[in-house]
Amino acid sequence: MKTSKYFLFFGLLLVASMAGMQGCKKDSDLQTPGEVDLQISNVVGAKPLALDGTTYSTPAGEIFSVSTFEYYISNIKLTKSDGTVYVAPNTYFLVDQAKPATQHLAITGVPAGTYTGVSFIIGVDAATTQADPLALTGVLNPANSMYWTWNTGHIFLKLEGTVTSAGRPIVCHIGGYTDPYNAIVTATPSLAGKILSVNGTHSSTISLSADVLKLFDGVSHITLSTFSNGMMPGAEAVQVAKNYGAGMFTVTQTQDN
Amino acid sequence: MLPFRPQRPRIVWLAGLGLASGTLWVLLSGARAEAIRGTRQPANFPAMRYDLASNEPDQAAFELGRTLFYDPRLSSDGSISCGSCHQQSRAFTDGRAVPVGVAGRRSRRNAPALQNLRWRHGFMADGGVLGLEAQALAPLTSPQEMNEPLANALARLNADPEYRRRFAAIYGPGKIDTPQFLRALAQFTAALTSASSRYDKFVRHEPGGTLTTPELQGMALLRARCSSCHATDLFTDESFRNNGLDAAFPVDSGRAHITLRPTDAGRFKVPSLRNVARTAPYMHDGRFATLPQVLAHYARGVRPSRTLDPLLRQPDGRLGIALSAKQQSEIIAFLATLTDQQFLTDPRLAAPARETRATPPRVIGAKAVAFQHR
Numbered sequence: 001m002k003t004s005k006y007f008l009f010f011g012l013l014l015v016a017s018m019a020g021m022q023g024c025k026k027d028s029d030l031q032t033p034g035e036v037d038l039q040i041s042n043v044v045g046a047k048p049l050a051l052d053g054t055t056y057s058t059p060a061g062e063i064f065s066v067s068t069f070e071y072y073i074s075n076i077k078l079t080k081s082d083g084t085v086y087v088a089p090n091t092y093f094l095v096d097q098a099k100p101a102t103q104h105l106a107i108t109g110v111p112a113g114t115y116t117g118v119s120f121i122i123g124v125d126a127a128t129t130q131a132d133p134l135a136l137t138g139v140l141n142p143a144n145s146m147y148w149t150w151n152t153g154h155i156f157l158k159l160e161g162t163v164t165s166a167g168r169p170i171v172c173h174i175g176g177y178t179d180p181y182n183a184i185v186t187a188t189p190s191l192a193g194k195i196l197s198v199n200g201t202h203s204s205t206i207s208l209s210a211d212v213l214k215l216f217d218g219v220s221h222i223t224l225s226t227f228s229n230g231m232m233p234g235a236e237a238v239q240v241a242k243n244y245g246a247g248m249f250t251v252t253q254t255q256d257n
Numbered sequence: 258m259l260p261f262r263p264q265r266p267r268i269v270w271l272a273g274l275g276l277a278s279g280t281l282w283v284l285l286s287g288a289r290a291e292a293i294r295g296t297r298q299p300a301n302f303p304a305m306r307y308d309l310a311s312n313e314p315d316q317a318a319f320e321l322g323r324t325l326f327y328d329p330r331l332s333s334d335g336s337i338s339c340g341s342c343h344q345q346s347r348a349f350t351d352g353r354a355v356p357v358g359v360a361g362r363r364s365r366r367n368a369p370a371l372q373n374l375r376w377r378h379g380f381m382a383d384g385g386v387l388g389l390e391a392q393a394l395a396p397l398t399s400p401q402e403m404n405e406p407l408a409n410a411l412a413r414l415n416a417d418p419e420y421r422r423r424f425a426a427i428y429g430p431g432k433i434d435t436p437q438f439l440r441a442l443a444q445f446t447a448a449l450t451s452a453s454s455r456y457d458k459f460v461r462h463e464p465g466g467t468l469t470t471p472e473l474q475g476m477a478l479l480r481a482r483c484s485s486c487h488a489t490d491l492f493t494d495e496s497f498r499n500n501g502l503d504a505a506f507p508v509d510s511g512r513a514h515i516t517l518r519p520t521d522a523g524r525f526k527v528p529s530l531r532n533v534a535r536t537a538p539y540m541h542d543g544r545f546a547t548l549p550q551v552l553a554h555y556a557r558g559v560r561p562s563r564t565l566d567p568l569l570r571q572p573d574g575r576l577g578i579a580l581s582a583k584q585q586s587e588i589i590a591f592l593a594t595l596t597d598q599q600f601l602t603d604p605r606l607a608a609p610a611r612e613t614r615a616t617p618p619r620v621i622g623a624k625a626v627a628f629q630h631r
């Protein structure tokens, strides 16, 4: 009888302490860094992008299909409610429409807090893209065919397809990091007043759509049938880059629980 | 007394042994430094630009790079190796105006000599490639040359047990990757130092360094008239200049192809003059077949354009470099002293025996040679 009372007492104590520990753990998780995921959906206007020969129309009525759509996203920054900016270290992603897994960008170790903004380079920063190829690993590896071997540096964005209305291919390789034809652009898609809570208890997601049509419209209109099929840095590459920097990405949803 | 007697000779003997082993060590390490070709800084060269520590010379890696350099399996149809267009006896040029790549495709520019690459900065005639390791990627992937995407070349290397074994022995186990491939290849290309011409021996006061009177006169002329661009004992200042070949540059704008600046149109990297007697034809497009044609161009063929190098405008308004026929032949006589027989015939730089056998005969202009190694 006496022993069973002791057992009961210690049993309760154990349960209480476990509950207390769990509470402590939760409290600390709220302070520990969390994960922010960028979930990207490539679209053409209102339609999802497909590489299967599906044709799309530009606002000007040009008809085209896409066979390749790849681009780098790097140097991701998150802005806190207090205005301070968290620079996510070593964030280099290669989004490839042909590989769905690459459309999910996981940023780990983001300090706990509330965030109101996101920005990133569409492409690769100048210092990294000029680096010795011996230092370029992972998505930056020149073997990924997103690299110019004749003019050292990455292809920031690659769109290939067919302008069926003009009966000609379209080849759009954007890159270059030297003024006046620097094609490194930063996208700052608005979270539209939404506040993203980040901490160790959950991962937060920012869903983005990336609209192919915005490559050729926005800051300057580009006619697909007369596009020069650029595969080098230059004025046209900068035009396309300014277009997609300004308008390609839109936040469609945020989720933080 | 007796026990002390041998002591002195013993000390002397020990000291002698120490000295001898020290000498032996110096000799051996000297021999070892020489074993990996071209790693020494020639006394008459400017400082090496290449950071040796970034890809430390290693004998096995050099030999692996040599095998890669001469392996036609790195091209899309197995017909072309680096060595096809970079032949040792021609200072690693190919004797053609423009190289012939896979399926008889022609490049736009003359194959440059590969020599003293550790002193280069900015590769290609337009300087578009920033480093020696990156340089190999350009001809490998160019559709007009070897036409092979890097990923395919790596897959092919990884499918070869012998390459797997050799790479693993140097870089450790695992797949052959981009850095390993580029490091190994650069071990060979970086070792292509040419610093043993008769001229080198002359300036370094070494045996065999005798120049004839016309050669000495040619040297004096070259130093006076040409060394603003063909500077130092590398005979280039590594700058990009328009030497007056054309009045307009619709086909190849040179440096402007990279910088997109109109002021760079028609400017090309100043090539070294080393082994120049062996690297015909000349200019970025191989338009001149002989050195007399080149000298004649500078004497009376320079054409004006907005980007023509100011050094080719004489104070009296005439273009080019004033050179009599006699002076031109003296310069050509001097240029022959820059031929480095040791470099051109060094067996360490030749195709390894096995690969020579494996190289299919080159059939120019005909259909691509069948790939033999599948």
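Residue numbers (our numbering), protein chains in the order written: chain A, 1 to 257; chain B, 258 to 631.
The C-beta atom is built at its ideal place from N, Cα and C for all residues, glycine as well.
Other residues of its chain near residue i: CB distance less than 8 Å, five sequence neighbours each side excluded
i, result
"residue 58 of chain A", "64, 213, 216, 217, 224"
"residue 25 of chain A", "Its pLDDT being 48, under 50, residue 25 of chain A is placed unreliably in this model, and the value from its coordinates should be taken loosely. Taken in chain order, the list of residues that qualify is empty."
"residue 112 of chain A", "30, 31, 32, 33, 34, 198, 199, 200"
"residue 580 of chain B", "478, 482, 552, 555, 556, 588"
"residue 503 of chain B", "523, 560, 562"
"residue 409 of chain B", "333"
"residue 602 of chain B", "345, 346"
Host alpha helix (DSSP H) of residue i (start-end)
i, result
"residue 72 of chain A", "Element bounds for residue 72 of chain A: not the alpha helix (DSSP H) but the beta strand (DSSP E), 63-80."
"residue 457 of chain B", "455-460"
"residue 551 of chain B", "548-553"
"residue 204 of chain A", "Counting along the chain, residue 204 of chain A falls outside any alpha helix (DSSP H), though it belongs to the beta strand (DSSP E) covering 203-211."
"residue 187 of chain A", "Careful: residue 187 of chain A lies outside any alpha helix (DSSP H), inside the beta strand (DSSP E) at 185-187."
"residue 42 of chain A", "It is not in any alpha helix (DSSP H) - residue 42 of chain A instead sits in the beta strand (DSSP E) that spans 34-44."
"residue 317 of chain B", "316-326"
"residue 181 of chain A", "Per DSSP, residue 181 of chain A belongs to no alpha helix (DSSP H) and is neither H nor E."
Exposure of residue i, with buried meaning 16 or more beta-carbon neighbours within 10 Å
i, result
"residue 431 of chain B", "exposed"
"residue 288 of chain B", "The predicted model places residue 288 of chain B with a pLDDT of 41, which falls under 50 and marks its position as unreliable; any figure quoted below should be read in that light. Exposed."
"residue 324 of chain B", "buried"
"residue 313 of chain B", "exposed"
"residue 392 of chain B", "buried"
"residue 330 of chain B", "buried"
"residue 237 of chain A", "buried"
Which listed residue (the options) has its alpha carbon closest to that of residue i
i, options, result
"residue 489 of chain B", "B:460, B:503, B:502, B:407", "B:460"
"residue 230 of chain A", "A:109, A:250, A:156", "A:156"
"residue 590 of chain B", "B:335, B:443, B:477, B:599", "B:477"
"residue 195 of chain A", "A:47, A:83, A:28, A:32", "A:83"
"residue 362 of chain B", "B:388, B:412, B:333, B:314", "B:333"
"residue 32 of chain A", "A:110, A:100, A:90", "A:110"
"residue 600 of chain B", "B:298, B:369, B:348, B:558", "B:348"
"residue 172 of chain A", "A:146, A:49, A:28", "A:146"
"residue 376 of chain B", "B:572, B:309, B:464", "B:309"
"residue 151 of chain A", "B:386, B:411, B:394, B:403", "B:386"
"residue 239 of chain A", "A:219, A:255, A:257, A:232", "A:219"
"residue 177 of chain A", "A:167, A:91, A:158, A:153", "A:153"
Other residues of its chain near residue i: CB distance less than 7 Å, five sequence neighbours each side excluded
i, result
"residue 96 of chain A", "70, 102"
"residue 428 of chain B", "437"
"residue 378 of chain B", "306, 495"
"residue 98 of chain A", "51"
"residue 87 of chain A", "77"
"residue 539 of chain B", "545, 551"
"residue 189 of chain A", "118, 208, 249, 250, 251"
"residue 301 of chain B", "457, 460, 461, 490"
"residue 471 of chain B", "587, 590"
Host beta strand (DSSP E) of residue i (start-end)
i, result
"residue 155 of chain A", "153-163"
"residue 337 of chain B", "Residue 337 of chain B -> no beta strand (DSSP E), and no H or E assigned at all."
"residue 249 of chain A", "249-255"
"residue 121 of chain A", "113-122"
"residue 104 of chain A", "104-110"
Close-in-space but distant-in-sequence residues of the same chain around residue i (CB under 6 Å, 5 per side omitted)
i, result
"residue 366 of chain B", "382, 541"
"residue 499 of chain B", "523, 524, 564, 565, 566"
"residue 469 of chain B", "none"
"residue 321 of chain B", "423, 441"
Cβ-Cβ separation, residue j to residue i (assumed contact under 8 Å), whole Å
i, j, result
"residue 401 of chain B", "residue 607 of chain B", "Actually they are not in contact, since the Cβ atoms of residue 401 of chain B and residue 607 of chain B sit about 26 Å apart, beyond 8 Å."
"residue 134 of chain A", "residue 142 of chain A", "Actually they are not in contact, since the Cβ atoms of residue 134 of chain A and residue 142 of chain A sit about 10 Å apart, beyond 8 Å."
"residue 105 of chain A", "residue 124 of chain A", "About 15 Å separates the two Cβ atoms, so there is no contact after all."
"residue 454 of chain B", "residue 491 of chain B", "In fact, because the Cβ distance is near 12 Å, the residues do not count as touching under 8 Å."
"residue 174 of chain A", "residue 241 of chain A", "5 Å"
"residue 405 of chain B", "residue 397 of chain B", "6 Å"
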